[in-house]
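The number in the working numbering is simply the position in the sequence shown, starting from 1, with 148 added. The beta-carbon is built from N, C-alpha and C at its ideal position, and this holds for glycine as well. Presented below is the structure to which this report refers.
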Amino acid sequence: MAESADPAISVAAVIRAELPHATFPPALRRGNVRGALDMGLAPGFLPGRVRIDNPSQALLQKWTDVPKEKVLGLPKCSKRRLLGKLKPWSF
């Protein structure tokens, strides 16, 4: 059973109001979420936890065909692959 994130969000809001430059370490419930984000396996993100709508110039120089819109994400890609609706690709 998942716990509500509301208490943590409330406390973070108070801290943020008092210390606007404060940062918070990630509090992730599942293992390897950060690794998945690093690999770009979340809709709207590229590898390196870069938002798809804000790629850096360095990334654009090395990767010239950066997607322009959100991708499906790993669960939807996996499902489409199993249904034969998505062809695999490799480097």
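If you follow the alpha helix (DSSP H) that residue 159 is part of, which residue opens it and which one closes it?
For the purposes of this step, residue 159 is taken as residue 11 along the sequence shown, with counting starting at 1. Unbroken alpha helix (DSSP H) run through residue 159: 154–166.
Thinking residue 197 and residue 213 are a contact (beta carbons under 8 Å), I'd like their distance in whole angstroms, please.
Numbered from its first residue, the sequence shown carries residue 197 at position 49. Numbered from its first residue, the sequence shown carries residue 213 at position 65. No, residue 197 and residue 213 are not in contact; Cβ-Cβ is about 20 Å, not under 8 Å.
Every unbroken alpha helix (DSSP H) inside the stretch 169–236 [4 residues or more]
181–186, 205–210, 222–230
Give me the residue from 181, 161, 179 with the minimum Cα distance to residue 172.
Taking the sequence shown and counting its residues from 1, the one referred to as residue 172 is at position 24. Comparing Cα-Cα distances from residue 172 to each of 181, 161, 179, the minimum goes to 161.
Cα separation between residue 136 and residue 191?
In the structure as shown, the chain starts at 149 and stops at 239, and residue 136 therefore has no counterpart that could be examined.
Let me confirm a value: residue 183 is counted as buried when at least 16 other C-beta atoms fall within 10 Å, else exposed. Which label applies?
Taking the first residue of the sequence shown as position 1, residue 183 is located at position 35. Under this definition residue 183 is an exposed residue.
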